[in-house]
Amino acid sequence: MTTPKVYVCGATGTQGGALARQLRAMGWDVHTTTRTPTSPAAQSLASIGVKLYGGDWYDETSLKDAISGCNMLFVNTMPNFANLASESDAAMNILRVAQTSGVTHVIYSSAIFIPSRSELGPDHLVNIAYGSKQRIEQAVRTWGFKHWTILRPGYFMANFLQPKVGMLYPSSAESGIFRVALRPNTGLTLIDEQDVAAFAVAAFQTPDTFHEQVIDIVGEILGADKVFEMISQATGRDIRRVYMSDDEVREAQASNPLITSQILARSMEELIDRDKIRSWGVPLSSFANFLERQKKEFEETYLRGEK
């Protein structure tokens with residue numbers, strides 16, 4: 001039997017890394033590109049048999065070499081806030097190379113869509129980012145791949161670890177104070193990257209079952225205050241939270257547009273059909289399990305350089 005061969009985007013990152021490791025544990029071949037093949041993250045992948053190709057998603061020669069011979073593709077591109085159009089540009093380049101290289105099965109990891117964003121205006125970075133993901137989804141649906149699946153993960157549990165927490169909640173990990181536009185009872189639609197990888201594995205293994213499916217993935221919904229309380233308990237550090245007033249939120253948005261994502265998160269729980277998610281039969285993790293598994297990383301994030 002021929003060993004399945006998968007090109008995994010972003011294998012040195014959170015989602016791609018989780019999938020690459022799960023696939024290698026099954027004995028599947030995994031290819032990826034990286035701009036820094038000698039980095040610790042890349043070398044960790046190489047040590048488990050992931051085949052690395054130097055280059056980026058715009059380097060067509062490198063992409064062709066990396067994707068050649070692969071019959072499956074996991075697309076996981078991320079927004080570049082300096083150039084938000086770059087996410088869809090990169091994904092389209094990957095999909096074009098995959099198409100001409102004979103890839104037949106594509107899984108795209110997108111994001112849960114929030115419909116009520118019209119008040120933000122077309123030039124707001126949130127709408128631009130979502131627009132990029134919608135264009136990628138449309139390409140995956142319509143470019144003629146034999147099998148395709150779109151996964152829409154919720155709010156990654158890893159967002160509370162470095163380096164992501166530093167971008168989403170600047171200085172909060174260092175100070176121990178989260179100043180947020182969330183509300184104490186805002187239901188955060190939490191997802192473990194290992195669960196996204198598990199869904200991708202299931203889709204690769206049973207393509208007919210997952211073909212033409214668009215799947216929201218949420219492992220657990222917890223109130224924001226509960227999440228911060230659990231981080232505090234896990235690290236032994238008092239995590240204070242300041243829930244901004246509407247006026248304070250508007251003022252903060254002027255210097256940090258990413259705060260808008262916290263406002264949108266207030267209504268995200270309403271979009272989730274947990275019974276439908278569970279019906280796929282893929283086991284899902286809790287935030288408590290994630291905290292236990294990543295205990296060392298949480299301590300490094302919140303206790304190193306504690307102020």
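Positions 1 to 307 (the UniProt record's numbering) are the ones given, in order, by the sequence shown. No residue lacks a Cβ here, since even glycine has one placed at the ideal position from N, Cα and C. Since the model is a prediction, treat every value here as computed from it, not as a measurement.
Whole angstroms is fine: what's the gap from residue i's alpha carbon to residue j's?
i: Thr209; j: Ser101; result: 24 Å
i: Ile272; j: Leu188; result: 11 Å
i: Asp247; j: Gly55; result: 45 Å
i: Val8; j: Ala111; result: 18 Å
i: Asp192; j: Phe287; result: 8 Å
i: Ser255; j: Phe160; result: 21 Å
i: Ala66; j: Lys276; result: 36 Å
i: Pro4; j: Thr77; result: 22 Å
i: Pro37; j: Trp148; result: 29 Å
i: Ala20; j: Leu291; result: 22 Å
i: Thr61; j: Gly49; result: 22 Å
i: Ser279; j: Ala129; result: 29 Å
i: Thr14; j: Ala158; result: 8 Å
Taking its Cβ as the centre, do 16 or more other Cβ atoms sit within 10 Å of residue i, making it buried, or is it exposed?
i: Glu270; result: exposed
i: Pro153; result: buried
i: Lys133; result: buried
i: Ser268; result: Per the sequence presented here, residue 268 reads as Met, with Ser not at that position. Per the 10 Å Cβ criterion, buried.
Three-state secondary structure (DSSP) at residue i?
i: Asn71; result: coil
i: Asn80; result: strand
i: Pro283; result: coil
i: Met169; result: It is Tyr, not Met, that sits at residue 169 in the sequence shown. Correct three-state label for Tyr169: coil.
i: Arg240; result: strand
i: Arg35; result: coil
i: Pro153; result: strand
i: Ser261; result: helix
i: Asp195; result: helix
i: Leu45; result: helix
i: Ser109; result: strand
Can you pull the DSSP bridge partners for residue i?
i: Val8; result: Phe74
i: Arg179; result: Val242
i: Thr189; result: Ile221
i: Val214; result: Ile150
Relative to the C-alpha of residue i, which residue among the options is closest?
i: Ala232; options: Ser47, Pro163, Ala20 and Leu303; result: Looking at the sequence itself, residue 232 is Ser, so the reference to Ala does not match. Residue Leu303 is the option with its Cα nearest to Ser232.
i: Gly241; options: Leu161, Glu229 and Ala234; result: According to the sequence provided, residue 241 is Arg. The question's Gly does not apply to it. The shortest Cα separation from Arg241 among Leu161, Glu229 and Ala234 belongs to Glu229.
i: Val282; options: Phe298, Ile215, Lys226 and Ala198; result: Ala198
i: residue 313; options: Glu220, Ser279, Ala139 and Ala234; result: For residue 313 there is no data in the structure shown, the boundaries of the chain being 1 and 307.
i: Ser47; options: Trp57, Ala25 and Ser86; result: Ala25
i: Cys70; options: Glu87, Lys51, Lys295 and Tyr58; result: Lys51
i: Asp216; options: Asp195, Ala224, Ala252 and Phe204; result: Asp195
i: Trp57; options: Gly131, Phe74, Thr34 and Ser39; result: Thr34
i: Glu297; options: Met72, Ala91, Arg141 and Ala173; result: Ala173
i: Pro40; options: Val75, His31, Ala11 and Asp29; result: Ala11
i: Tyr169; options: Lys295, Thr260, Gln294 and Val6; result: Thr260
i: Ser68; options: Leu45, Asn80, Gln43 and Thr104; result: Thr104
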